[in-house]
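Student:
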Amino acid sequence: MPWHILALALKEFRALLRDPRSRIVLIGPPIAQLIVFGYAATFDLNHVPVAIYDEDAGGAGRELIARVAGSPHFEVVARLTREAGIAPLIDDKAVLLVLHLGPRFSADLQRGASAPLQAILDGRNSNTAMLALSYLRTILLDFNRDWAARHGRPAPPAVLQMRAWYNADLDSHWFIIPGIVGLLTLVVTLVVTALSVAREREQGTFDQLLVTPLRPVEILIGKALPGMVIGTLEATFIIVLAVLWFGIPLRGDPGALYAGLSLFLLSAVGIGLMISAIAVTQQQAVLGAFLFLVPAVILSGFATPIANMPEVVQWITYLDPLRYFLIVVRGVFLEGDGYALLLDQYWPMAIIGGLSLATAGWLFRHRMY
Amino acid sequence: MAAAALTLDGVRKGFTRGGRRVSALDGVSIAVRPGRVTGLIGPDGAGKTTLMRLAAGILGPDAGRIEVLGIDVAEDPLAVQSAVGYMPQRFGLYEDLSVQENLDLYADLQGVPRAARRARYDELMRMTGLAPFTRRLAGRLSGGMKQKLGLACTLVRPPRLLLLDEPTVGVDPVSRRELWAIVYAQVREAGMTVLLSTAYLDEAARCAEVILLHQGRVLGQEAPAAFSGPLAGRTFEMRVEGIPARRLQARLADVAGIVDALVAGDRVRIVTAPGFVPDPARLLPDHPEARLQPVPPDFEDAFIARLKDHDGHHRPPPQVTVKVSGSAGDEVIRVEGLERRFGDFRAVKGISFRVRRGEIFGLLGANGAGKTTTFRMLCGLLPASGGELAVAGHDLRRSGAQARARIGYMAQRFSLYANLTVMQNLAFFAAAYGLRRQRRRERLRWALEGFELGAYRDVNAGLLPLGYKQRLAFAAALMHQPEILFLDEPTSGVDPLARREFWARTNALAEAGVTALVTTHFMEEANYCDRLVIMAEGEILAAGRPYEIRQRARTVENPEPTMEDAFIALVQGREAAS
Amino acid sequence: MKKTSDLSRAARGRMRLRGMIRKESIQIMRDPSSIAIAFVLPVVLLFLFGYGVSLDARAIPLGLVIEQPDAATAGLAGAFERSEYFAPRRFGGIQEARQALAERRIDAILWLRNDFARRLLSGGEAPIAVLANGVDANQARITEGYVQGAWLAWLGRYAAAHGRPLAPPVALHHRVWFNAALISRDFLVPGLVAIIMTLIGSMLTAMVVAREWDRGTMEAMMVTPLRIREVIVGKLVPYFVLGMGGMVFTVVLAVYQFDVPLRGSLWALGAASALFMLVALAVGLLISIVSRNQFVAGQIAIVVTFLPAFILSGFIFDIHSMPQAIQILTHVVPARYFVAILQSLFLAGDVWPVYWANMGAMALMLAVLMALVRRKAHKRLE
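What follows is the structure, encoded as structure tokens:
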């Protein structure tokens, strides 16, 4: 690579890293986000507060309640003696779930009838309610099967045997943490590149740069390099933490992951430089980056599946480079994918990267004032 | 005699910069007398702004006592702030508020009763000439108008003490005169006390009293005339037929025993060291006809002499070396019918001029005259809307990198990387211009030594004193030994000593065949130019040699007009015509 | 000079305050980015969350592998084909289906081996194998729930058709209060009000006050009789109005465009929003006082206010599910209290114990923050 482009990249690095403020921006938020996302962002339920309203007090009922209480997902925090006690507990969010065993629960069970178990859930957080219900069903299925076997009741003609591939325990950390590799890399790369030209414009140094013999394409490469390098380092740091600290299995070929990463960084750098070339001040650049980031993250499938979105919105997600990279990173981490399976994710990122860089280069030349 | 309006007694103030404690004021004791204008002068970093802020109660002193209008600032800053008016160096106008809204805000903040406002506004708008623009957003005013509006906001309730921190930096001569007219009117009519800091020594010379600050200490507090008293018999002017004043100045400045040499019109003004008697025959042996004319010392002579006496050493003349191909007199810049439009607004209206090799060519004009726009078009930073331009035969907008390698550019604002060190900045620009190995090392050494930047090589450029920033920017622009230099207001806000150094270097470059295009607000600096044009509202009002332009303003009352007189006459003549 | 002394101290104070408020209001109206954050951002976020983000799976691509099709398997397959939750596709063999799962063309496989019918008829727990892609654990779990539902529905019908009504030992009857259909939009949209108000209150305010330092307007303003509490109140009032405007706008959109129920009383919503707005503004002021620079203020605001409001407030992720240490940490996130109030007010109604407990926590935060602002703000450059 020509010497003066390297000098430009070196200058970019120095300008970034010598300023204690931008050093903090590169290090602080990513670590904070990794911790917060890594631990707090989970859909798995633990210790859901449950209240029991047991009018029956028979042995069978107690056995069922013991199974609920013994599950790590539930924690029995209250016992009720009258029906009027249910509403305040749920209204006040003291419990999420109330299990109601009628007075004839054990008797019904003993005589071979179907004993009703009533569950009342707080639906304010619909996802939590749905998951709690699903945990409860699983406990109940086990209970029913054991009870049927012990008491000679007919088994159901067919039973479900469910198995999850790639993530047998259905631990949602395995889903979220590889996603953070994509998320944080995007945030850091975007902030680094989006500010780079805007800052020079605000400080007047961009003119000084443009009157040197450096060509716009050389300036573009010089400005893109730090973003690529910092993005790669940041991603590597998170990948290492994901494997060593959070224990996420890395099953596929790291080469396929890094191939995807470099294409992803190319598109992130291109978009960042595009924002930077349009913005006049740093504030506009930050705002622009923010306005790109929020939809890009929400529509990427980071937290909620793209398949659940309406068709029109699904079309929009094809413009989002993070969408493709999340499939790559999760595919390599959990599914053990190689190059062949990820080809369909590589080429859209390459196109987005190429187009955005070309646009940024054009803007450099034509937005000099 | 009334009690002092502002007294400082043994005031000290320091700041922590990059881990080091820097002393800004080091035991300052002064008294500013009421009802008159007192000037605060000194080189960059002397502590002028710190003093102003202490007096306004927005900084607290480390030691000592400050009293404003009989109030101890440390005890009751709010009472002080209710009684003084303060205009910071960069007066913070709300740019998204209109002129009227800015005035209303300050009237509200200062508690001016509604009934009294109309009359006060009318008076201020009349004085500042802003009356037609009350509905315009402050951000869309020219630099000079912004300063006038800042002053109007400060004066919306007449303060008893007015603190002005370099109110005229970056303001053109016409606006400058208007600003002073307003200030002096306040002193005359309302008996206001004014303390102002300035880098323009002609402004300081008009003050009733001047305080000279240097490195945080007071070097003197006297009437301006008293400052120049000790210089009697040490100031001369010299003019030699056949030697341009610029070249003569360069020769005289090198002579031991001459403290200061300055181009003044087509003459050179010199200040000699005490006891040194200049002999024209020995100064210029090759020009026996040269004569020295004794002249009365002025304030600027005194200022320079006092500082140089204090610093004790005579700076060696800076060395600049360049090699230029081609012969003097070639046409290197050609501008023909150049035009630039921003929407409906025509910033540059079809101007034409030519610059020959080795010339220093000046572009003068009021704020918003189109100088910077012209500059940016010449450097290829802005496409022209119409007309032709060629720099060394190329249109830099279209031609490649090789053509850009032949020019050097110094922007109006300091525009190097503030958080890179001096050395890192220089190394980057050396690389950007493709200098390698031996030549790169040579040029870096040249820059550090020739511009005396060695002591600062590992200091962040943003933390340099203003004069050193300017040197660094100049060094960076010269790194690759360009043939053509574009210097956009290189001396704005820089103290007189640094300005002298700058011109000495530029002169030497021009002597070596470098072509320089310069814009400036300091009209006396236009005398360094070989030729110049004066611009107003995107048009060229006058073009020619400095002498020719000055002659245009010649009248019976003013047989020897200065460049500033000529400039104002031209601009006002144009306004009268339109 | 003579005339100004006519005004009383109080009158001059009122005049200064009015001047500050008017100036700030004009600036808001002239700055497109303030308007964008207050009124355009809510629309964008509402549409993204209202339409784009959904945890409710529909038409899950499910691969059906039926090794020996007959009447029994047709009934089971029919149960999945009729369900609105599934979009089943048939595969000839398990290898083929596994390949499709690996290529992410389907999310789960339902596999009936060739002995399914025989074991079903012999009454011996015929196995239905379900293989789900577990990468997205949450979705996989939801898929499993839907599979269970379809299976149970089929079991019931199968048993009835064969003349022995199904009587599982314990039958679950569930009722979900407040959001019977478990629509995730009804749960996400109320929380958005807190996010939007955090953006206006903390981020915008932090940036605009820092801007006064950056542009040098603060220095000139400091040397006026303006008192520091007038600066604070002068900044608070216009942004308070702007934030409440954004809130009303968001609520109207939520109720009329997205059909989210609003079951609580309006005055309770108004009072809680006002209190939260003050807390958010105090945080914004504090950030700008500490940083005095737009760039730093923006960064701190994102890390300290926006991200926690998003992640740690219970807006998406349930606080119960977080590790103990992080649950404790969420107590210093003001949005946590407001999100709890919002979700209750919208979906449950006026639940006073929830309301007052969270209001109390916010009031306490406001008192602490205001004391900090008052202590940190002074008319000095240092």
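Residue numbers (the numbering used here), protein chains in the order written: chain G, 11 to 379; chain Z, 368 to 945; chain D, 13 to 394.
Ideal Cβ positions, reconstructed from N, Cα and C, are used throughout, including at glycine.
1. Run through the region 74–120 of chain G for me and flag every whole beta strand (DSSP E) of 3 or more residues, listed as ranges in chain order.
2. Determine whether the Cβ of Gln293 (chain G) lies closer than 7 Å to any Cβ atom of chain D.
3. In three-state DSSP terms, what is Ile198 (chain D)?
4. State the start and end residues of the unbroken alpha helix (DSSP H) segment that holds Ser719 (chain Z).
5. I think Gly775 (chain Z) touches Ala840 (chain Z), with their Cβ atoms under 8 Å apart; what is that distance to the nearest whole Å?
6. Measuring CA to CA, which of Z:Ala592, Z:Ser465, Z:Val622 and Z:Thr858 is closest to Ala778 (chain Z)?
7. Grouping DSSP H, G and I as helix and E and B as strand, with all else coil, what is Ser300 (chain D)?
8. Helix, strand or coil for Leu876 (chain Z)? Go by DSSP, reduced to three states.
9. Tell me, please, whether the region 235–250 of chain D touches the region 179–197 of chain D by the rule of three or more beta-carbon pairs shorter than 8 Å.
10. Taking beta-carbon pairs under 8 Å, can you tell me which members of the region 499–521 of chain Z lie near chain G?
11. Where does Thr222 (chain G) fall in DSSP's three states?
12. So, are the CB atoms of Leu531 (chain Z) and Met454 (chain Z) less than 7 Å apart?
13. Among the candidates G:Tyr349, G:Pro98, G:Gly282 and G:Ala158, whose CA atom is the shortest distance from the CA of Val201 (chain G)?
14. Met368 (chain Z) by DSSP, collapsed to three states: which one?
15. For Tyr63 (chain G), which residues does DSSP report across the bridge?
16. DSSP on Glu604 (chain Z), reduced to helix/strand/coil?
17. Going along chain Z in order, which residues have a C-beta closer than 9 Å to the C-beta of Met230 (chain D)?
18. Inspect the CB distances between the region 705–713 of chain Z and the region 493–513 of chain Z and report whether three or more fall short of 8 Å.
19. Please name the residue in Z:Val523, Z:Ala474, Z:Asp475 and Z:Pro480 whose C-alpha comes closest to that of Thr495 (chain Z).
20. Any heavy atom of the ligand GTP closer than 6 Å to the Cβ of His654 (chain Z)?
21. Return no unless some Cβ of chain Z is closer than 7 Å to the Cβ of Leu344 (chain G).
22. For the beta strand (DSSP E) containing Glu589 (chain Z), list its first residue and its last residue.
23. State the DSSP-derived secondary structure class of Asn145 (chain D), mapped to helix, strand or coil.
24. Leaving out the 5 sequence neighbours to the left and right, which residues in its chain are closer than 6 Å to Asp68 (chain D) when beta-carbon positions are compared?
25. Using only alpha-carbon positions, find the residue among G:Ala123, G:Leu55, G:Val46 and G:Pro236 that is nearest to Phe322 (chain D).
26. Which residues, in order along the region 129–141 of chain D, keep a beta-carbon less than 7 Å from a beta-carbon of chain G?
27. 7 Å is my cut-off, CB to CB: does Pro389 (chain G) come that close to chain D?
28. Which residues mark the beginning and the end of the beta strand (DSSP E) in which Val577 (chain Z) is found?
29. Please report the straight-line C-alpha distance between Leu76 (chain D) and Thr242 (chain G), rounded to a whole angstrom.
30. The alpha helix (DSSP H) that contains Arg771 (chain Z), what's its start and end?
31. Just to confirm before moving on: does the CB-CB distance between Ser206 (chain G) and Ser286 (chain G) stay below 7 Å?
32. So is Gly257 (chain G) in contact with chain Z if we call contact Cβ pairs under 7 Å?
33. Taking Cβ positions, are Leu278 (chain D) and Val267 (chain D) nearer each other than 7 Å?
34. What did DSSP end up calling Ser792 (chain Z) once you bin it into helix, strand or coil?
35. For the region 736–781 of chain Z, which segments carrying the alpha helix (DSSP H) assignment without a break, of at least 4 residues, lie completely within its bounds, in sequence order?
36. For a test of the three-state rule: what should DSSP assign to Arg171 (chain G), helix, strand or coil?
Tutor: Put simply:
1. 84–90 and 107–111
2. Taking the first sequence and counting its residues from 1, the one referred to as residue 293 (chain G) is at position 283. Yes, contact with chain D.
3. Here residue 198 (chain D) corresponds to residue number 186 of the third sequence, with the count starting at 1. Correcting the residue identity first, residue 198 (chain D) is Asp in this sequence and not Ile. Helix.
4. The residue labelled residue 719 (chain Z) in the question sits at position 352 within the second sequence. Not the alpha helix (DSSP H): Ser719 (chain Z) falls in the beta strand (DSSP E), residues Phe712 to Arg723.
5. Working through the second sequence from its first residue, we reach residue 775 (chain Z) at position 408. Working through the second sequence from its first residue, we reach residue 840 (chain Z) at position 473. Contact flag wrong, Cβ pair sits at about 10 Å.
6. The sequence position of residue 778 (chain Z) within the second sequence is 411, counting from 1. Looking at the Cα atoms, Z:Thr858 is the closest of the given residues.
7. Mapped onto the third sequence, residue 300 (chain D) falls at position 288. Helix at Ser300 (chain D).
8. Walking along the second sequence from the start, residue 876 (chain Z) turns up at place 509. Note: Leu876 (chain Z) maps to helix in three-state DSSP.
9. no
10. none
11. Locating residue 222 (chain G) in the first sequence gives position 212, counting from the first residue. Here Thr222 (chain G) sits in coil by DSSP.
12. Taking the second sequence and counting its residues from 1, the one referred to as residue 531 (chain Z) is at position 164. Taking the second sequence and counting its residues from 1, the one referred to as residue 454 (chain Z) is at position 87. Taking 7 Å as the Cβ cut-off, Leu531 (chain Z) and Met454 (chain Z) qualify as a contacting pair.
13. For the purposes of this step, residue 201 (chain G) is identified with residue 191 of the first sequence, where counting begins at 1. The shortest Cα separation from Val201 (chain G) among G:Tyr349, G:Pro98, G:Gly282 and G:Ala158 belongs to G:Gly282.
14. Your numbering for residue 368 (chain Z) matches position 1 in the second sequence. In this prediction, Met368 (chain Z) scores a pLDDT of 44, lower than 50, which makes its location untrustworthy; the coordinate-derived value is nonetheless stated afterwards. Residue state, collapsed to three classes: coil.
15. As a working note, residue 63 (chain G) is residue 53 in the first sequence. Bridge partners of Tyr63 (chain G): G:Leu90 and G:His110.
16. As a first step, residue 604 (chain Z) is located in the second sequence; it is residue number 237 there, counting from the start. DSSP places Glu604 (chain Z) in strand when its eight states are reduced to three.
17. On the third sequence, residue 230 (chain D) is found 218 positions in, with the first residue counted as 1. Neighbours of Met230 (chain D) on chain Z, chain order: Gly459.
18. no
19. Here residue 495 (chain Z) refers to the residue found at position 128 of the second sequence. Among Z:Val523, Z:Ala474, Z:Asp475 and Z:Pro480, the Cα nearest to that of Thr495 (chain Z) belongs to Z:Val523.
20. Among the components of this structure there are no ligands whatsoever, and the ligand GTP is therefore not found.
21. The sequence position of residue 344 (chain G) within the first sequence is 334, counting from 1. No, Leu344 (chain G) lies away from the interface with chain Z (no Cβ there is under 7 Å from its Cβ).
22. Within the second sequence, residue 589 (chain Z) is the residue found at index 222, counting from 1. Per DSSP, Glu589 (chain Z) belongs to the beta strand (DSSP E) from Arg584 to Glu589.
23. Position 133 of the third sequence, counted from the first residue, corresponds to residue 145 (chain D). In the structure shown, Asn145 (chain D) sits in a strand (DSSP, three-state: E or B).
24. The residue given as residue 68 (chain D) occupies position 56 in the third sequence. Counting only Cβ-Cβ distances below 6 Å, and skipping sequence neighbours, we find Ser196.
25. Looking up residue 322 (chain D) in the third sequence gives position 310. Among G:Ala123, G:Leu55, G:Val46 and G:Pro236, the Cα nearest to that of Phe322 (chain D) is on G:Val46.
26. Leu132, Gly135, Glu137, Ala138, Pro139, Ile140 and Ala141
27. The requested residue 389 (chain G) does not occur in the structure, where chain G is confined to residues 11 to 379.
28. Stepping through the second sequence from its first residue, residue 577 (chain Z) is reached at position 210. Segment Glu576 to His581, the beta strand (DSSP E) holding Val577 (chain Z).
29. For this step, residue 76 (chain D) is matched to residue 64 along the third sequence. For this step, residue 242 (chain G) is matched to residue 232 along the first sequence. Approximately 41 Å between the Cα atoms of the pair.
30. The residue labelled residue 771 (chain Z) in the question sits at position 404 within the second sequence. From DSSP, the alpha helix (DSSP H) with Arg771 (chain Z) extends over Ala768 to Arg771.
31. For the purposes of this step, residue 206 (chain G) is identified with residue 196 of the first sequence, where counting begins at 1. For the purposes of this step, residue 286 (chain G) is identified with residue 276 of the first sequence, where counting begins at 1. Contact flag set, yes.
32. The residue labelled residue 257 (chain G) in the question sits at position 247 within the first sequence. Gly257 (chain G) does not count as touching chain Z.
33. The residue you call residue 278 (chain D) lines up with position 266 of the third sequence. The residue you call residue 267 (chain D) lines up with position 255 of the third sequence. Not a contact, by the Cβ cut-off of 7 Å.
34. Within the second sequence, the letter at position 425 stands for residue 792 (chain Z). Correcting the residue identity first, residue 792 (chain Z) is Asn in this sequence and not Ser. Helix.
35. 738–745 and 768–771
36. Start at 1 with the first residue of the first sequence, and residue 171 (chain G) comes out as number 161. The sequence given here places Gln at residue 171 (chain G); Arg does not occur at that position. If DSSP states are grouped into helix, strand and coil, Gln171 (chain G) belongs with the strands.
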